[in-house]
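Participant:
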Amino acid sequence: MDAAESSRGAAGARKKSWRSELVLAYQSLGVVYGEVVTSPLYVYKSAFAGGDIEHSEGNEEIYGVLSLVFWTLTLITLLKYVLVVLRADDDGEGGTFALYSLICRRVGAGLLPGAGDDLKGQRGGAALPPASSVRTALQQRRELQWLLLLFALLGTSMVIGDGVLTPAVSVLSAVSGLKLSMVDEQHQYVLLPVTCVILVGLFALQHYGTHRVGFLFAPIICLWLLCISIIGVYNIIYWNPHVYKALSPYYMYRFLQKTQYGGWMSLGGILLCVTDLGHFSQSSIKLAFTMVVYPSLILAYMGQAAYISRHHSFEKNHHIGFYVSVPEKIRWPVLGIAILAAVVGSQAVITGTFSVIKQCCSLNCFPRVKIVHTSSTVHGQIYIPEINWILMLLCLALTIGFRDTKHMANAQGLAVITVMIVTTCLMSLVIILCWNKNIVFALSFLLFFGAIEAIYFSASLVKFHEGAWVPIILSFIFLMVMCVWHYGTAKKYEFDVENKVSISWLLNLGPSLGIVRVRGIGLIHTDLISGIPAIFSHFVTNLPAFHQVLVFLCIKSVSVPHVQPEERFLVGRIGLRQYSLYRVVVRYGYRDVQQDSLEFEKTLVSSIAEFIRSGDSDLNGHLDGSDSPYEKLSVISKGLPFQKDGEPEASPESSTPTETNPKLVSSKSRRVRFVLPENAQMNSEVRSELQELTEAREAGMTFIMGRSYMRAKSGSSMIKRIAINFIYEFLMRNSRSPAYAANVPHVSTLEVGMVCQV
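The sequence shown: position 159 = 159 (UniProt numbering), numbered continuously.
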């Protein structure tokens, strides 16, 4: 009986798992595939846009383009991305930066020090991989580490450029169906304003988030896929049932042989049938593409080819594109669905751009920007105001400047293929370094897909004067910003390490540190995970007074997507108990949401109190100045409980302190307040230290923020002086404060300026 129940339970679990996968696959249609499913609107138009290809009676040209579309979609999107690249996710996260962080973590080739060597996400793999020449070279040669980072940033900058181009191309292509109902040149005065209005509305609504209307995205995409599939089947049956022959690679060969240079140029338009799916993961996404998206797209492209093969006048009307193959009776409903699908696809790309920039900020590769979380329940829904308006202005400028999709499609094609090449190169390193496969597998992957993508890249690059210059200029600007910010941040960290104050010197001053200790908690932000920052000595030298409790706070973003809450806080003591000096390291993954100032403040104090109460604090009473600072820092899995303003008093079972646990509540001033039970059986020193922390917290907390003015050393090269003195300083002045300090009241913040010669 137990075996039968166990069998039924296992079957029920499998059924529930499949049901969950199907639901996720359905939801992913609106989030992931919005860009690729709208590509039938402009692929054939872009492929024949050059006008150098003439249609013959044998339809070899249109069959050749269909064959190229089919095999490109099959080899690159289905085989490369769905079956291989999506397996290389970084704990559920994908993209060039996820692949880069995965490689760096496995090899230990990161350029900035982290604080996550003990995390579950770091340990999550198997045993330490065997040594290899590639791994050794990356570990020992810093120039290779910079080259790897530069390559990842190049792919990321092209993704941002795609976030500018895709909304413009998709929306303008969808709106172009209005041409069919207009005479002469009327469309010139209608299409552009309508497109601009839709784009402005799309970007203007970003700050509301997608959680309110997100439930409509999947139905819209499903309706669009159903629509193009039915139209495709109708065109195949009605116009040319033999179009399936074009799926043979023979027609691809004949097309390139016959058209030669014109056919090679058309590859830049054919490329638009695929997109980079490396920014997503999960088996549900693979299921959605394989079972729904892929068949629908193939039917749509075959249907268009069947129609064109019987209407060679398409040469004269190629500017209309997709809509000529739509039966006239349903053209207006299809136009409406196409516009909605284009908006959903653009929304997915914009959201992906926000996500990529957040990853860059977390890994110190992009200036700090304001990140707004638009949903308190759905993870990952963010809005970045500065980036949103920059994308909108660039998108409108390209739409108004080019006025048609030909040049913008050329630009989009170059951006997409560049990201694909970067992904292929990084993926080949993942195969060697992370999957521990033979180098033959990695080279085979690199050469096979790299050769295909190199051909498409050359066809896109040759259209430099026809719009392909746009992603090059955009990526250069974004790449320069990211490289300068990363370089400046690295130099600032090196300056902090070289000029940090010896802890021994500080402790030799005695418990009072040779200065007046006033009531309250002083929270000193530093990038150092050991030692005392130079900005602290700079402050006490000029103003010899400080708070009775000092906390050196270091917030680190580590190269894992998420840090578990029980592993977030590392707390240690500097010196003996009577010094009241603590070091706290707070770790966030590059996809984690940082707490607001009030919650952060409460959690921080709770973690210090838990550290004091635990026995670990007794092991941290000596100097924190060794080469391994984490040997004396303890992971605080949970802080002590507290009560928020406006909440009812907790029940006795939940609020009554244990023998050793103090209770934490909030006073009317919204400050955390400890209530130490009179009968608690705890060490007198522990009680005294907790009481001091309580009194200091009641007196208030002051955030001491360093303001570093970066200057290149005399004798530095001209490039370094421009990068540090002008570009980095400009970015520093116009970037946001750290996330946890964004909402700290000005009366609680003290900024200490210091010139850093790097």
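Each residue gets a CB set at the ideal place from its N, CA and C atoms; glycine is no exception. Here the structure is a predicted model, which is why all the values come from computation and not from measurement.
(1) Quick one: what does DSSP say residue 62 is sitting in, helix, strand or coil?
(2) Measuring CB atoms only, is the region 479 to 486 touching the region 143 to 156, in the sense that at least three cross pairs come out at less than 8 Å?
(3) Under a three-way DSSP split, which group does residue 735 fall into?
(4) Looking only at its own chain, which residues have a Cβ that is under 8 Å from the Cβ of residue 612, when we skip the five neighbours before and after it?
(5) Distance check for residue 156 and residue 300, CA to CA, integer angstroms please.
(6) Using 8 Å for Cβ pairs, my map puts residue 331 next to residue 177. What's the rounded Cβ distance?
(7) How far does the alpha helix (DSSP H) with residue 450 in it extend, from its first residue to its last?
(8) May I have the straight-line CA-CA distance separating residue 665 from residue 604, to the nearest angstrom?
(9) Counting Cβ pairs, one atom from each stretch, are 3 or more of them under 8 Å apart for the region 538 to 549 and the region 715 to 734?
(10) Which stretch, first to last residue, makes up the alpha helix (DSSP H) that contains residue 691?
(11) Report the residue from 171, 63 and 179 whose alpha carbon sits nearest the alpha carbon of residue 202.
(12) Starting from the C-beta of residue 526, find all residues in its chain whose C-beta is less than 6 Å away, skip the five residues before and the five after it, and write them out in chain order.
(13) With DSSP run on the structure shown, which of helix, strand or coil describes residue 751?
(14) Spatial neighbours of residue 495 within its chain, please: CB distance less than 7 Å, with the 5 preceding and 5 following residues excluded, ordered by chain position.
(15) Closest to residue 520 by C-alpha separation, out of 702, 735, 397 and 235, would be which residue?
(16) Is residue 369 closer than 8 Å to residue 383 when the C-beta atoms are compared?
(17) By Cβ distance below 8 Å, which residues in the same chain neighbour residue 386 in space, the five residues on each side in sequence not counted?
(18) Which runs of the beta strand (DSSP E) spanning at least 3 residues fall entirely within the region 698 to 727, listed in chain order?
(19) Should residue 483 be listed as close to the ligand ZN, given that the test is whether its C-beta is under 7 Å from any heavy atom?
(20) Quick check: the Cα distance between residue 31 and residue 419, rounded to an integer number of angstroms?
(21) I need the boundaries of the beta strand (DSSP E) containing residue 521, first residue and last residue.
(22) For residue 141, does the three-state DSSP call read helix, strand or coil?
(23) DSSP three-state label for residue 232, please.
(24) Which residue marks the beginning of the alpha helix (DSSP H) containing residue 361, and which one marks its end?
(25) Going by C-alpha distance, which of 136, 599 and 175 is nearest residue 38?
(26) When DSSP labels each residue in this structure, what does residue 20 get in the three-state scheme?
(27) State yes or no: is the C-beta of residue 138 within less than 8 Å of the C-beta of residue 426?
(28) Check whether the Cβ atoms of residue 243 and residue 309 lie closer than 8 Å to each other.
(29) Can you tell which of 68, 550 and 189 has its C-alpha closest to the C-alpha of residue 263?
(30) So for residue 53, helix, strand or coil by DSSP?
(31) Roughly how many angstroms separate the alpha carbons of residue 312 and residue 58, rounded to a whole number?
(32) Spell out the partners DSSP gives residue 583 in its beta bridges.
Facilitator: Walking through what the data contain:
(1) helix
(2) yes
(3) coil
(4) 686, 689, 690 and 693
(5) Going from the Cα of residue 300 to the Cα of residue 156 covers about 31 Å.
(6) 7 Å
(7) 439 to 461
(8) Annotation note: pLDDT 42 at residue 665 (below 50); position unreliable, coordinate value reported separately. Using only the alpha carbons, I get a separation of about 14 Å.
(9) no
(10) 684 to 699
(11) 171
(12) 533, 552 and 554.
(13) It is a strand residue.
(14) 756 and 758
(15) 702
(16) no
(17) 369 and 370
(18) 701 to 711
(19) Annotation note on the ligand ZN: not contained in the displayed structure, which lists no ligands.
(20) 19 Å
(21) 516 to 525
(22) coil
(23) Secondary structure at residue 232: helix, using DSSP grouped into helix, strand and coil.
(24) 331 to 362
(25) Of the candidates 136, 599 and 175, the residue whose Cα lies closest to the Cα of residue 38 is 175.
(26) helix
(27) Not a contact, by the Cβ cut-off of 8 Å.
(28) Contact flag set, yes.
(29) 68
(30) coil
(31) 11 Å
(32) 552 and 572
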